[in-house]
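Here's the structure, in structure tokens; my notes come after.
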Amino acid sequence: MTTAPVLAHPDTTRSYIMYTDASNIGIGASLHQLQSDNTIRPIAYASRKLLAVEINYCTSDKEALAVVYGFDKFHHYVHGTCTELHTDHRALIFFRQVLEPANHSEAMFALANTK
1 MTTAPVLAHP
11 DTTRSYIMYT
21 DASNIGIGAS
31 LHQLQSDNTI
41 RPIAYASRKL
51 LAVEINYCTS
61 DKEALAVVYG
71 FDKFHHYVHG
81 TCTELHTDHR
91 ALIFFRQVLE
101 PANHSEAMFA
111 LANTK
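Going by the UniProt record's numbering, the first residue of the sequence shown is number 1, and it counts up by one from there.
Okay, structure coming up:
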């Protein structure tokens with residue numbers, strides 16, 4: 001990247017792309033949109049430090065928490081629209097197939113997908 005990305009105004013007629021990630025100290029999400037010139041531009045960014053109890057979560061739970069956090073923070077943009085989710089944690093694909101959440105992280109991920 002040679003220049004800093006400039007935030008774009010959201011277009012409510014287009015779908016969104018959300019990127020999420022987690023680390024041992026925090027979680028983050030960014031919301032993007034494909035523009036008319038076929039470039040993907042950021043709409044918004046959000047991040048926060050993990051709480052003391054969240055630091056002890058396993059990697060899958062932290063990544064699921066980042067997804068829930070992203071959908072919660074960008075709810076006013078993505079509610080009722082098609083949103084493509086990008087994460088670097090392949091295990092989250094399994095959560096999408098779960099019908100009955102077996103634990104806290106599966107329930108969080110299912111909840112985020114029902115808003």
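Even glycine gets a Cβ: it sits at the ideal position worked out from N, Cα and C. Just so it is clear, the structure is predicted and the values come from calculations on it, not from any experiment.
Contact annotation, F74 with A29: C-beta distance approximately 7 Å; criterion of less than 8 Å satisfied. Short of 7 Å from the beta carbon of P10, and not among the five residues preceding or following it, lie these beta carbons of its own chain, in chain order: Q33, I43, Y77.
If the five residues before and after Q35 are omitted, its C-beta is found closer than 6 Å to the C-beta atoms of R41, all from its own chain and listed in chain order.
Non-local beta-carbon contacts of C82 in its own chain, meaning distances under 7 Å to residues more than five positions away in sequence, involve S15 in chain order. Going by DSSP, E63 is part of the alpha helix (DSSP H) stretching over 59-73. As DSSP reads the structure, R48 sits in a beta bridge with I27.
For the pair V53 and T3, the Cα-to-Cα distance works out to about 37 Å.
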